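Some notes on the structure that comes next.
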Amino acid sequence: MESEEHVSLQTPSLNDKRQPTDPSAKGTETAVLESAFDKSEPPSQQRVHSVSISMTPSPIKGILFNPESIFNNGILDSSSAATSSSILPEAAQFHSHALPKSSAFEDQAIQIGHFPYQPSIESSKDKRFDNFKTWSGKLERQISLVSLLKGKAQRKSDQLENAFVQTTDQVDPLPADRYFDALEGPELDTLKASEEILLPEDKQWPFLLRYPISSFSICLGVSSQAILWKTLPTSASTKFLHLSIKPNLVLWCISVALLVVLACIYLLKIIFYFEAVRREYFHPIRINFFFAPFIALLFLALGVPPSICNNLHPALWYILMTPILSLELKIYGQWMSGGQRRLSKVANPVNHLSIVGNFVGALLGASMGLKEGPIFFFAVGLAHYMVLFVTLYQRLPTNESVIPKDLHPVFFLFVAAPSVASMAWARIQGSFDYGSRIGYFIAMFLYLSLAVRVNFFRGFKFSLAWWAYTFPMTGAATATIRYSNEVTNVATQALAVALSLIATLTVMALFIVTLLHAFVLQDLFPNDIPIAISDRNPNKPHRKWYQSKHGNPSDKDIDKSSKSATGSEKRDLEI
Amino acid sequence: MESEEHVSLQTPSLNDKRQPTDPSAKGTETAVLESAFDKSEPPSQQRVHSVSISMTPSPIKGILFNPESIFNNGILDSSSAATSSSILPEAAQFHSHALPKSSAFEDQAIQIGHFPYQPSIESSKDKRFDNFKTWSGKLERQISLVSLLKGKAQRKSDQLENAFVQTTDQVDPLPADRYFDALEGPELDTLKASEEILLPEDKQWPFLLRYPISSFSICLGVSSQAILWKTLPTSASTKFLHLSIKPNLVLWCISVALLVVLACIYLLKIIFYFEAVRREYFHPIRINFFFAPFIALLFLALGVPPSICNNLHPALWYILMTPILSLELKIYGQWMSGGQRRLSKVANPVNHLSIVGNFVGALLGASMGLKEGPIFFFAVGLAHYMVLFVTLYQRLPTNESVIPKDLHPVFFLFVAAPSVASMAWARIQGSFDYGSRIGYFIAMFLYLSLAVRVNFFRGFKFSLAWWAYTFPMTGAATATIRYSNEVTNVATQALAVALSLIATLTVMALFIVTLLHAFVLQDLFPNDIPIAISDRNPNKPHRKWYQSKHGNPSDKDIDKSSKSATGSEKRDLEI
Amino acid sequence: MESEEHVSLQTPSLNDKRQPTDPSAKGTETAVLESAFDKSEPPSQQRVHSVSISMTPSPIKGILFNPESIFNNGILDSSSAATSSSILPEAAQFHSHALPKSSAFEDQAIQIGHFPYQPSIESSKDKRFDNFKTWSGKLERQISLVSLLKGKAQRKSDQLENAFVQTTDQVDPLPADRYFDALEGPELDTLKASEEILLPEDKQWPFLLRYPISSFSICLGVSSQAILWKTLPTSASTKFLHLSIKPNLVLWCISVALLVVLACIYLLKIIFYFEAVRREYFHPIRINFFFAPFIALLFLALGVPPSICNNLHPALWYILMTPILSLELKIYGQWMSGGQRRLSKVANPVNHLSIVGNFVGALLGASMGLKEGPIFFFAVGLAHYMVLFVTLYQRLPTNESVIPKDLHPVFFLFVAAPSVASMAWARIQGSFDYGSRIGYFIAMFLYLSLAVRVNFFRGFKFSLAWWAYTFPMTGAATATIRYSNEVTNVATQALAVALSLIATLTVMALFIVTLLHAFVLQDLFPNDIPIAISDRNPNKPHRKWYQSKHGNPSDKDIDKSSKSATGSEKRDLEI
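Residue numbers (this note's numbering), protein chains in the order written: chain R, 15 to 589; chain H, 15 to 589; chain P, 15 to 589.
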């Protein structure tokens with residue numbers, strides 16, 4: 015793939031007339047471009063043609079409700095207010111940066127055309143984020159408004175889609191391949207060098223756009239600690255520590271508060287930047303984090319302090335499990351059906367998040383005294399865990415790009431499912447029997463396997479997702495306490511204490527690092543690049559031009575052959 | 015491998031004397047073609063050359079026993095008699111269709127050469143089916159006859175092979191790759207556009223040739239209904255419906271009759287068209303349907319009406335399981351051994367048919383009071399089900415072509431194994447324990463997962479195989495009744511009734527559709543394309559010829575290097 | 015890959031000046047070659063250039079301790095003493111064989127340059143083995159000596175690495191890809207035609223270099239027989255045979271003696287030829303045989319005659335399991351981490367050796383009365399066995415090269431894990447319950463599956479590793495005896511006796527064959543080719559030449575594009 019891009023990118027310099035058409039140029043635009051090309055118009059004029067299409071007709075300011083104005087003054091956002099006020103020079107600078115390029119290579123300018131809005135001089139507001147806004151705030155975009163009004167009967171997503179009239183492709187969800195093509199890294203969150211994004215890279219985006227679903231990982235980390243600190247003082251095997259139940263109460267309250275705050279913010283994101291949420295939902299890795307808030311709720315129910323409530327109503331369990339079951343039906347279905355999100359392609363340790371909910375749910379249900387429901391989720395979890403475990407262990411070449419090459423904190427998610435499963439089974443069975451032990455020992459082996467490699471870990475670019483990688487450690491500690499209740503001796507008790515200590519220290523360390531990033535470095539929420547990737551490969555338009563000239567028809571299986579064709583063409587031209 | 019060939023194939027354009035040899039040109043033909051080409055003979059004469067080789071020496075009518083004459087007057091075949099009488103004009107038309115082609119492109123004629131028999135004008139009988147006849151009915155084909163007589167000591171398949179003296183390749187079973195190359199669709203039953211078949215496409219074949227092994231699916235569908243209607247009236251949880259046992263008796267009798275009739279017809283196919291059976295047996299998907307008659311027998315034993323027999327003799331179980339075990343040894347062995355039929359290549363939901371027999375057998379054996387045998391089959395089934403489940407869920411890119419892209423009724427086979435396994439384990443254990451429930455709940459989740467996607471189903475080209483996709487629904491209904499016996503409450507009872515209803519209605523709907531196809535549309539048994547695929551890729555010679563002249567490769571399996579080679583070559587020519 | 019080679023291999027004929035450069039030509043050599051090429055020096059001079067680089071500066075004899083002198087007089091080695099005395103003519107002959115080649119094709123000579131030591135006339139000792147010696151015995155190689163002395167604080171492997179100053183690449187372990195590229199066969203022990211090795215192929219190497227880790231397979235075979243012959247007389251179901259316990263004692267003593275002798279020899283190999291051990295350790299198949307000595311120890315503990323000891327101390331179990339756990343952490347970690355030794359690449363039936371230790375350990379531990387430890391290993395074994403079983407059954411195309419195409423004795427390893435696991439679980443549970451039976455029946459099915467194919471076996475090139483393939487049969491026999499204790503009837507007793515007989519006869523047959531190879535054919539320890547493969551691909555230099563000319567820098571991502579480039583370049587040159 016890489017080579018292909020490089021070959022095609024060289025071509026402009028060889029063929030001055032050549033026109034790297036706008037990536038969003040389809041349908042009408044293509045015709046314009048072709049006619050322009052046929053008439054051999056001077057390049058500058060060509061640019062006018064194409065730009066005039068991708069530009070919005072009139073640059074009158076938005077009138078509709080503008081979310082930015084709220085969040086610029088919001089609690090958590092400190093810099094975007096400043097940014098938006100100083101937007102004019104920045105935008106100018108952004109353009110002054112782009113323009114020389116386009117004068118040097120006449121066609122480059124058109125390539126920039128994939129920013130759907132060319133900011134005009136008189137606009138004092140950066141409109142480049144409008145694409146991701148649910149209500150884009152432009153009266154003059156009448157087509158979208160009309161269809162917005164008509165669309166009331168339609169589904170919500172349809173409403174949103176209508177807001178993207180200019181970039182028709184965005185009506186469909188971004189294909190999974192685009193994410194794989196454009197991004198890299200264990201969390202698919204780093205933009206590849208060759209790619210460009212839809213939003214400005216050089217300025218800080220509105221807070222809501224930078225706020226990812228993976229923020230809920232913090233809730234997972236803290237609420238699982240609440241469970242640990244509920245188990246420690248109440249377990250027979252750790253009674254000798256004479257710990258108070260208070261840390262549980264404190265942690266639980268923090269967790270509840272955190273979850274409420276984070277959920278509210280995300281709700282606002284859903285309301286105001288639905289497209290961004292949608293793009294997170296279609297991101298092959300991020301989708302798994304959509305389980306996080308619901309798992310956190312289960313954790314809260316499991317870790318509820320005895321002083322607050324002793325017996326939760328079974329109905330709560332059914333309510334909490336409904337979203338998890340729905341998400342599972344969606345995601346496991348994607349794995350199995352032959353689409354772009356099939357398992358052999360997206361398999362990644364983060365998938366454990368979509369499995370572990372089953373076991374946490376089974377554990378909670380069994381703790382509440384339910385029987386059939388917990389077994390149902392245990393069975394579903396077991397079947398899919400087996401599939402995932404085998405797939406991840408195999409390291410299929412097809413999902414090589416998604417699984418990190420080096421060891422990475424994400425691998426700790428491997429410990430989560432078997433340790434929670436062992437506790438769940440123990441609850442279902444009524445005792446920590448052989449089945450539970452098998453699960454527990456698998457978790458221990460995986461933990462040990464990671465622990466001995468701890469100095470090989472390469473994942474030092476902090477991200478909020480790391481919080482998700484702490485709850486498996488806490489889970490393993492909790493499972494060890496349960497196990498040491500069954501097999502009480504110095505070794506198991508020491509192990510339980512040691513693992514609890516490690517888990518708590520890790521969470522504390524992560525807490526400090528997070529605070530550091532939030533308040534000192536102020537980069538806890540960097541620009542969320544993965545949601546802004548372009549929906550078209552920036553290198554492909556080239557090829558389309560080539561095709562139209564040489565009559566190479568098929569669009570799909572142009573891969574390697576196009577490389578060679580371009581390559582050899584270059585040579586011919588040189589001759 | 016391909017690419018290597020292409021490298022050498024480029025040379026012709028550089029080296030005009032070189033000859034784009036025919037891939038099907040082996041042995042004698044190669045010599046003929048080469049001499050023809052070297053002498054620059056007119057194209058028509060070339061054709062004579064090649065045709066003279068593939069044609070049978072003398073066109074005297076068959077004398078040996080001709081199966082067609084029987085089945086043209088058979089019960090189920092209404093149209094083939096008419097067809098065979100009007101064979102002369104049709105054959106002519108078939109040829110008039112082929113001839114212009116060959117005059118247009120001189121070498122095309124050679125490609126047609128893979129029809130082993132060129133029907134001659136004076137023959138009033140279409141001899142093109144002889145290839146698939148066990149006794150081909152041609153006195154003059156002495157070589158084959160002699161070897162036929164000699165071959166009495168040989169295996170039966172050897173006899174058949176001798177009938178293919180002209181096309182020596184057909185002596186070996188068709189390689190699995192040919193099926194994948196030539197066919198497409200979820201049941202690998204649609205011919206690809208580029209492929210040609212050995213039998214005439216434009217006329218209806220003899221009934222036996224059109225009668226596929228998948229017809230036994232009907233038995234599976236009906237006999238599983240017999241079991242459901244035996245379970246419904248006799249279960250404690252569905253006692254409240256006050257259903258009669260009579261439908262069970264009726265359905266069971268229908269099933270027995272159906273199985274006997276279908277088996278007899280298939281037996282005739284084995285006798286008269288052994289090559290067709292052999293090609294079904296080597297078809298990667300069809301092979302699984304060879305389990306169907308034996309699973310149907312197990313279903314009959316399970317659903318036997320109490321009025322007929324209450325206690326089956328254990329010996330019956332051993333007799334019924336023998337063919338299943340034999341087939342499994344064959345097929346699982348193919349999966350594991352490194353041949354063309356290895357699992358990573360042939361994995362497909364239809365494989366569930368080759369797994370489910372184990373669980374049905376275990377269920378029957380345990381119902382009969384056996385112990386070790388059922389556990390044996392349960393263990394074998396479990397191990398291989400796990401392998402298949404993981405493989406299908408992974409959707410390896412290697413078997414992408416076999417698993418349907420869209421949702422398709424075949425996916426319902428996913429429900430079969432776990433639901434039958436749960437019943438089998440309940441019988442073995444003596445109670446519907448946690449193990450059984452895990453199996454049952456996995457089945458339920460898969461069912462639910464399909465049910466929520468039911469409006470995405472794309473498989474509306476009816477085929478007899480659909481009957482096989484109904485028995486999992488019946489199995490799930492039966493398992494639910496068993497489960498509701500254990501956990502009796504309104505919810506489980508309602509679920510049991512609902513699932514039974516759905517299963518019965520589906521079978522009824524399918525019954526009507528089948529009748530419609532059988533009597534109104536009269537296309538219940540269309541030409542069975544998959545068994546008639548050519549044993550040679552028709553595109554390979556073409557491509558070579560075509561490439562050397564035009565340099566545009568076109569097809570699917572043109573590797574990367576060949577593309578580039580051709581691409582650059584094109585440029586050279588332009589220069 | 016193949017196609018690439020072919021493209022480049024054709025080029026010489028088109029371009030006579032082109033030079034198939036030395037595969038080991040990197041760094042300085044490349045410069046030499048290029049200068050040679052640029053100046054169009056006569057070929058003979060080119061050779062001098064390259065040889066002068068790869069040759070060692072001065073050929074003074076080794077002074078340090080020389081292991082060869084010991085083992086040439088060793089017990090098991092009969093021929094190497096003679097060989098080393100007659101080294102002069104052989105070396106000469108070796109060169110006289112190489113030289114004509116190089117005069118015929120001028121550049122071939124440079125390719126020979128990868129033998130790090132060009133034996134000089136005055137040296138009466140073959141120095142080509144020095145590469146693999148821990149102490150290479152060359153005073154003049156001062157750099158290595160100095161660093162050897164300095165390296166005392168370093169790890170042992172570092173010491174060794176310093177011995178390879180000339181061939182700097184060998185400092186790093188050989189990448190797994192090299193083994194796959196250079197070797198073939200089910201045990202990756204046959205050199206591919208295109209490859210060359212570092213050690214002389216035409217003479218017998220020192221015994222220690224020829225002594226592979228797979229020799230420990232013999233211990234596995236014999237000690238498992240000791241267990242069988244302990245089980246046979248002491249089991250209730252086989253009491254009727256009235257067998258003596260004496261064969262157990264005899265076999266056990268032989269096993270102990272064998273293990274001690276083999277271990278001592280291997281210890282010497284570790285001391286004197288650490289590089290050879292290291293290369294065995296990095297060999298994707300061989301690594302699994304490192305489990306063999308430890309599994310043999312477990313077998314000895316299991317098969318200890320009652321007359322010697324009745325109750326082993328539990329501490330023994332912990333001692334024995336430590337190396338197995340360590341190896342597992344290493345190897346399973348490699349499977350999962352994304353390196354070259356990931357499971358989808360190295361999966362092979364021999365991997366069963368790295369799984370079965372868990373079950374043998376669990377069996378031994380449970381027999382000793384331990385509880386938690388055995389379950390731990392059982393759990394670890396179960397999880398990884400599942401992964402391996404699925405992976406092997408799938409026959410992923412990525413590990414196609416490692417799994418034998420035909421049936422091969424190695425497939426019997428499939429039977430080992432489930433049969434031992436069933437016994438282990440029976441011990442842990444206290445009875446041969448359903449879980450044990452599932453394991454046992456899976457083993458039986460796999461055994462049967464292999465037995466019916468026994469006449470397809472293709473693996474008649476005897477190797478010591480075959481001994482490893484006998485212990486699964488013995489394990490299956492022992493498991494059958496255990497099973498027949500539970501289900502005692504004529505059938506199970508007959509099966510137990512039959513399987514025991516088969517296992518014992520197989521071991522006896524193998525014993526005879528081994529003796530035959532050891533004393534009659536004297537080829538029990540042939541040159542151990544896999545450890546001597548060159549660390550560079552002899553076919554790659556081409557590309558390097560191309561790169562150095564055209565400035566294509568990256569070595570890794572030369573894939574399809576490079577092919578096409580070469581292809582089109584060829585054409586350009588023609589033009």
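All C-beta atoms, glycine included, are put in the ideal place defined by N, C-alpha and C. Note that this is a predicted model, so its numbers are computed, not measured.
Candidates the options, of which the one nearest residue i by Cα
i: F525 (chain P); options: P:L205, P:R356, P:E198 and P:I232; result: P:I232
i: F390 (chain P); options: R:G453, R:D549 and R:A250; result: R:G453
i: T484 (chain P); options: P:N499, P:S514 and P:A510; result: P:S514
i: L242 (chain H); options: H:I279, H:F304 and H:F313; result: H:F313
Alpha-carbon spacing of residue i relative to residue j, whole angstroms
i: L282 (chain R); j: L223 (chain R); result: 10 Å
i: N503 (chain H); j: D447 (chain H); result: 17 Å
i: T190 (chain R); j: T405 (chain R); result: Residue identity differs from the one stated: residue 190 (chain R) is Ala in this sequence, not Thr. Using only the alpha carbons, I get a separation of about 19 Å.
i: S251 (chain H); j: E500 (chain H); result: 9 Å
i: L263 (chain P); j: T336 (chain P); result: 27 Å
i: R409 (chain H); j: P307 (chain H); result: 29 Å
Helix, strand or coil at residue i [DSSP, three-state]
i: F476 (chain P); result: coil
i: E215 (chain H); result: coil
i: F471 (chain R); result: strand
i: E500 (chain R); result: helix
i: I322 (chain P); result: coil
i: I259 (chain R); result: coil
i: L197 (chain H); result: strand
i: L188 (chain P); result: coil
Anticipated Cβ contact below 8 Å, residue i with residue j, distance rounded
i: W331 (chain H); j: L378 (chain H); result: 6 Å
i: S477 (chain P); j: E294 (chain P); result: That belief does not hold up - the Cβ atoms of S477 (chain P) and E294 (chain P) are roughly 14 Å apart, past 8 Å.
Residues near residue i by beta carbon distance below 6 Å, same chain, minus five either side
i: V429 (chain H); result: A457, L460, Y461, P486 and A490
i: Y399 (chain H); result: I369 and A431
i: T204 (chain R); result: E198
Residues near residue i by beta carbon distance below 7 Å, same chain, minus five either side
i: I345 (chain R); result: I301 and S368
i: D542 (chain H); result: L223, R224 and P226
i: K206 (chain H); result: A196, L197 and E198
Own chain partners of residue i with C-beta closer than 8 Å, once the 5 adjacent residues on each side are dropped
i: L276 (chain H); result: S229, F230, I232, C233 and P307
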